[in-house]
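K.L.:
In this note's numbering, the protein residues as written are 102 to 287.
Where is the CB? At the ideal position from N, CA and C, for every residue including glycine.
The structure follows.
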C-alpha cells in the first residue's frame with residue numbers, strides 16, 4: 102500500500118492511496134521507518150540494500166530506486182521477487198558484492214548485500230544467487246532510518262508493506278515507511 106497521510110488520529114491513519122482511494126489503516130505496535138535522501142556515493146561494498154528494478158531496454162535490469170538498510174535491518178526481506186511498484190518490476194534485497202561501470206543484465210529490484218560497485222552497476226548477493234542492476238541518474242537513492250510517531254503527519258507520503266484487510270473494511274499494519282525529506286521511492 103502506498104499513499105499520502107490525510108489524517109492521524111492516534112494509531113488510526115487516513116491514507117489516500119496512489120489509486121485515489123481513501124483508506125483507514127490501524128497501526129498495531131507498528132515499527133516506523135523513515136526514508137531520507139542519499140546518493141550512490143553512500144553505497145559501499147558489503148552494504149545491505151534493496152533495489153526496485155524493471156527490465157531495461159536492450160536487456161538487463163534498471164534500478165528505479167535503491168534503499169540502504171541500517172545495520173540493524175541487515176537480512177530484512179533478503180532475496181529477489183516480483184514487486185508491485187510497476188508492471189514487471191522486481192524487489193531485490195541483498196549485500197552489495199560489486200559496483201562498477203557498465204550495464205547490468207536486466208531490470209530488477211535487488212535487496213541484499215552489495216558485493217561490488219563499479220560505476221553504474223550494482224551486483225547484489227542474496228543466498229547463493231546474485232543480481233546486477235544498472236543505476237542511472239534517474240535512480241532514486243535513499244537510506245532507511247529509525248522513524249517515530251512525529252513523522253506520521255498529514256501530507257507525509259508512506260509505504261505500508263504487509264497491510265492486511267480487516268473484517269470491518271479497514272486495514273491493519275505492523276510496519277510503515279514514511280518519507281522524511283523525500284517520498285519513499287519503493
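Check whether the segment 224–235 touches the segment 252–261, taking contact to mean three or more Cβ pairs, one atom from each stretch, closer than 8 angstroms.
P.N.:
At 8 angstroms Cβ cutoff, the stretches do not touch.
K.L.:
Name the DSSP bridge partner or partners of residue 114?
P.N.:
Residue 114 is bridged to 109, 126.
K.L.:
Whole angstroms are fine: how far does the CA of residue 129 sit from the CA of residue 193?
P.N.:
C-alpha separation (whole angstroms): 27 angstroms.
K.L.:
Suppose the cutoff is 6 angstroms on Cβ atoms and the five residues either side in sequence are ignored; what does the same chain contact list for residue 149 look like?
P.N.:
170, 175, 196, 214, listed in sequence order.
K.L.:
Ignore the nearest five residues each way along the sequence and tell me which others in residue 247's own chain have a CB closer than 8 angstroms to its CB.
P.N.:
For residue 247, where only same-chain residues beyond five positions count, the Cβ hits under 8 angstroms are 133, 134, 135, 171.
K.L.:
Relative to the C-alpha of residue 164, which residue among 279, 225, 278 is closest?
P.N.:
Comparing Cα positions, the closest option is 225.
K.L.:
Exposed or buried, residue 266, counting other C-beta atoms within 10 Å across all chains shown (16 or more means buried)?
P.N.:
Residue 266 should be labelled exposed.
K.L.:
Quick one: what does DSSP say residue 102 is sitting in, helix, strand or coil?
P.N.:
In this structure, residue 102 counts as coil in the three-state DSSP scheme.
K.L.:
What are the start and end residues of the beta strand (DSSP E) that includes residue 239?
P.N.:
Careful: residue 239 lies outside any beta strand (DSSP E) and carries neither H nor E.
K.L.:
Quick one: complete beta strand (DSSP E) runs, 3+ long, within the segment 122–184?
P.N.:
Those beta strand (DSSP E) runs which fall completely within the segment 122–184 and span 3+ residues are 123–138, 149–156, 162–169, 180–183.
K.L.:
Taking the alpha carbon of residue 284 as the point to measure from, which residue in 117, 112, 138, 111 has its own alpha carbon closest?
P.N.:
Of 117, 112, 138, 111, the residue nearest in Cα terms is 138.
K.L.:
In chain order, what residues of the same chain lie with their CB nearer than 8 angstroms to the CB of residue 272, ignoring the 5 residues before and after it?
P.N.:
Answer for residue 272: 102, 124, 125, 126, 127, 261, 264, 265, 266, listed in chain order.
K.L.:
Rounded to the nearest angstrom, how far is the Cβ of residue 236 from that of residue 223, given a contact under 8 angstroms?
P.N.:
Indeed, because the Cβ distance is near 6 angstroms, the residues count as touching under 8 angstroms.
K.L.:
Taking only the alpha-carbon atoms, compute the straight-line gap between residue 179 and residue 158 and give it to the nearest angstrom.
P.N.:
Cα to Cα, the separation comes out at about 26 angstroms.
K.L.:
Measuring only the C-alpha atoms, how far is residue 117 from residue 198?
P.N.:
Between residue 117 and residue 198, the C-alpha separation is close to 38 angstroms.
K.L.:
Smallest Cα separation from residue 181: which of 144, 187, 233?
P.N.:
The residue with the shortest Cα to Cα distance from residue 181 is 233.
K.L.:
On the criterion of 16 or more Cβ atoms from any shown chain inside 10 Å, does residue 152 qualify as buried, or is it exposed?
P.N.:
By the 10 Å Cβ count, residue 152 comes out buried.
K.L.:
Among 106, 281, 200, which has the Cα closest to the Cα of residue 147?
P.N.:
Among 106, 281, 200, the Cα nearest to that of residue 147 belongs to 200.
K.L.:
Quick one: what does DSSP say residue 271 is sitting in, helix, strand or coil?
P.N.:
Residue 271 falls in the coil class under three-state DSSP.
K.L.:
For my contact list, residue 191 and residue 154 are in at a C-beta cut-off of 8 angstroms; report their separation, rounded to the angstrom.
P.N.:
Indeed, because the Cβ distance is near 5 angstroms, the residues count as touching under 8 angstroms.
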